[in-house]
Amino acid sequence: MADKAHAEEGSGLVFHPMDQFIVKPLFGDGPIHWYTPTNVTLWMALTVVVIVLMLVIGTRRRAVVPTRSQSIGELAYGFIYKMVEDVAGKDAVRFFPYIMTLFMFIVISNFLGLLPTAFTTTSHIAVTAVLALAVFLTVTVLGFVLNGTKFLGLFWVSSAPLALRPVLAIIELFSYFVRPVSHSIRLAGNMMAGHAVIKVFAGFAPMILLSTGIGLVVTPLSILAITAMYGLEMLVSFVQAYVFTILTCVYLKDALHPSH
Amino acid sequence: MASEAKEAGEATVAMPQLDPSTFPNQIFWLLVTLVVIYFVLSRIALPRIAAVLAERQGTITNDIAAAEELKQKAADAETAYNQALADARVEAARIVNEAKAEIQADLDKEIQKADKKIEAKAAESEKAIAEIREGALASVKDVAKSTTKELVAAFGGKADAKTITAAINARLKG
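Line by line, the protein sequences are chains A and B. Here the numbering used here is used: the first residue of the first sequence is 15, the next is one more, and so on. Here the numbering used here is used: the first residue of the second sequence is 252, the next is one more, and so on.
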């Protein structure tokens with residue numbers, strides 16, 4: 015479909031900012047079953063490879079005085095470890111491997127998605143929804159298992175006036191169930207929007223081939239815009255991974271210490 | 252054609268993200284990926300990094316402790332050195348005093364010995380001087396006797412020896 019459309023618009027500007035998000039089978043052109051190796055598989059596998067390179071191959075020397083690659087691994091470790099400890103408390107450290115898994119997957123996927131022609135797995139709501147739901151379900155189950163019915167105290171703001179408490183409870187309950195939605199859409203939306211905007215600017219770049227007059231202005235501007243957006247997207251890639259992880263820690267803290 | 256139908260279906264979905272036909276595939280591969288990453292991290296990477304960090308912390312703590320120990324040792328050595336110095340000073344003073352006392356004792360002994368010798372010599376000398384003096388007195392008496400006798404004879408007198416001796420003895424006493 016894409017090839018045909020491209021062929022038709024060969025004479026004009028080509029705008030397909032969403033094509034980069036299409037899930038395609040790696041081999042052939044058949045239907046996509048749940049087990050079909052697709053570009054999702056490829057880029058997730060690359061994510062695993064990069065994580066292994068960073069955290070396993072980079073630290074294989076176990077040097078007391080770290081090499082550069084080992085420093086990167088230690089930095090990532092220390093960054094997330096301290097976040098878990100500071101935000102969710104000392105007793106949340108046993109969940110550190112899970113949170114580290116989430117952070118490493120999101121941050122590496124985001125950055126791999128910034129490579130030209132790459133597929134961004136974290137721009138798909140299906141992926142981020144699974145991540146967010148996993149956090150939501152874990153936190154909710156954990157909250158009830160550890161605290162029993164006391165976990166419901168999370169919705170009963172005992173510091174507020176008694177009359178306001180039922181109203182606040184409804185708001186709190188609602189915001190609690192909105193958490194996974196905002197948690198997942200924030201990440202997917204940010205990644206998708208940034209990549210789509212870059213693609214739109216890229217669509218304007220060949221203007222000079224069509225009309226020299228307008229192209230002299232539009233082409234350099236769009237290239238500049240791509241560069242600027244790319245820089246911004248690098249920041250967004252890290253910040254969104256950070257935000258997703260720190261929110262996970264905040265939710266985890268609610269499960270471990272539900273009192274306000 | 253099936254592919255054309257699929258095309259139409261895809262075309263209606265503006266966002267590939269909202270195409271539910273790809274969800275099972277994405278979710279399956281996501282779960283596989285997460286499980287793989289989790290096992291790699293929790294089995295290999297995280298324990299290794301934790302061990303390295305702990306080892307570094309241990310090394311730093313040990314080094315600081317060793318430095319502290321060495322510092323303590325240096326302080327101890329200084330104290331010991333000062334103590335030894337003070338001891339040596341006291342010992343030196345003692346030896347000096349001892350030597351002085353010994354020398355004093357030797358000196359006293361020698362002086363006593365010398366004094367005795369000198370006393371003996373002096374006594375001897377006195378004796379000799381007394382003898383000489385006695386001898387001299389006798390000689391003076393003799394000379395005086397003979398001179399007086401001659402003088403008396405020369406003046407034409409005659410004097411007997413007894414008278415002259417008495418006169419001379421009287422004179423010499425005076």
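Where is the CB? At the ideal position from N, CA and C, for every residue including glycine.
- In terms of Cα proximity to Asn53 of chain A, the closest of A:Ile212, A:Ile222, A:Thr135 is A:Thr135.
- Under a criterion of Cβ atoms nearer than 9 Å, the residues of chain B adjacent to Leu69 of chain A are, in order, Val291, Leu292, Ile295, Ala296, Leu297, Arg299, Ile300.
- For Phe110 of chain A against Val98 of chain A, the beta-carbon gap comes to about 5 Å, under 8 Å, which counts as contact.
- Annotation for Phe274 of chain B: no residue places its beta carbon closer than 6 Å to its own, counting only its chain and skipping 5 residues before and after.
- In this structure, DSSP gives Pro39 of chain A an extended state, which the three-state scheme calls strand.
- Residue environment analysis places Thr226 of chain A among the exposed positions, since fewer than 16 neighbouring C-beta atoms fall within 10 angstroms of its C-beta.
- Contact between Phe35 of chain A and Gln268 of chain B holds, since their C-beta atoms are separated by about 6 Å, short of 8 Å.
- Its chain contains Ala183, Glu186, Leu187 as the residues whose beta carbon lies nearer than 6 Å to that of Phe169 of chain A, once the 5 sequence neighbours on both sides are disregarded; these appear in chain order.
- Comparing alpha carbon positions, the residue from A:Pro180, A:Leu89, A:His47, A:Glu247 closest to Val211 of chain A is A:Glu247.
- Counted as a single uninterrupted DSSP element, the stretch harbouring Ala102 of chain A is not any alpha helix (DSSP H), since DSSP gives it neither H nor E.
- Residue burial annotation: Ile354 of chain B is exposed, with fewer than 16 other C-beta atoms found within 10 angstroms of its C-beta.
- Residue pairing by DSSP puts Thr52 of chain A in a beta bridge opposite A:Pro39.
- Nearest C-alpha to Val171 of chain A among A:Ser273, A:Leu249, A:Ala207, A:Phe150: A:Ser273.
- When the beta-carbon positions are compared, Ile122 of chain A and Thr55 of chain A stay at least 7 Å from each other.
- Residues of chain B whose Cβ lies closer than 7 Å to the Cβ of Thr55 of chain A are, in chain order, Trp280.
- Assignment of beta strand (DSSP E) within the segment 236–272 of chain A, counting only whole runs of 3 or more residues, yields no such run.
- Annotated as distal: Ala202 of chain A and Thr115 of chain A, with beta-carbon spacing of 7 Å or more.
- Annotated three-state conformation of Met32 of chain A is coil, per DSSP.
- Contacts with chain B at 7 Å (Cβ-Cβ) include Arg76 of chain A.
- Leaving aside the five residues that flank Val264 of chain A on each side, the residues in its chain whose CB is nearer than 8 Å to its CB run, in chain order, Val101, Ala102.
- Close partners of Thr330 of chain B in chain A (Cβ separation under 9 Å) are lacking, with about 35 Å as the shortest Cβ gap.
- Nearest C-alpha to Phe125 of chain A among A:Tyr256, A:Asn161, A:Thr262, A:Ala177: A:Tyr256.
- Under the 8 Å Cβ criterion, the segment 152–171 of chain A does not count as touching the segment 236–244 of chain A, having fewer than three qualifying pairs.
- Here Thr284 of chain B is near Met58 of chain A, since their CB atoms are less than 7 Å apart.
- Contact with chain A is absent for Ile346 of chain B, since none of that chain's Cβ atoms lies less than 7 Å from the residue's Cβ.
- From the beta-carbon of Val144 of chain A, the residues of chain B found nearer than 7 Å are Ile278, Leu281.
- For the segment 99–121 of chain A, the beta-carbon criterion of a distance under 9 Å to any beta-carbon of chain B is satisfied by Phe110, Pro111, Tyr112, Met114, Thr115, Leu116, Met118, Phe119.
- If you draw a straight line from the Cα of Ala412 of chain B to the Cα of Glu377 of chain B, it is about 33 Å long.
- Against chain A, a Cβ distance below 7 Å from Arg307 of chain B picks out Val78.
- In the same chain as Val63 of chain A, and ignoring 5 residues on each side of it, no C-beta atom comes closer than 6 Å to its own.
- Residue contact with chain B for His138 of chain A: present (Cβ-Cβ distance below 7 Å to some residue of chain B).
- Taking a cut-off of 8 Å on C-beta distances, the segment 79–87 of chain A does not touch the segment 213–230 of chain A, as fewer than three cross pairs fall below it.
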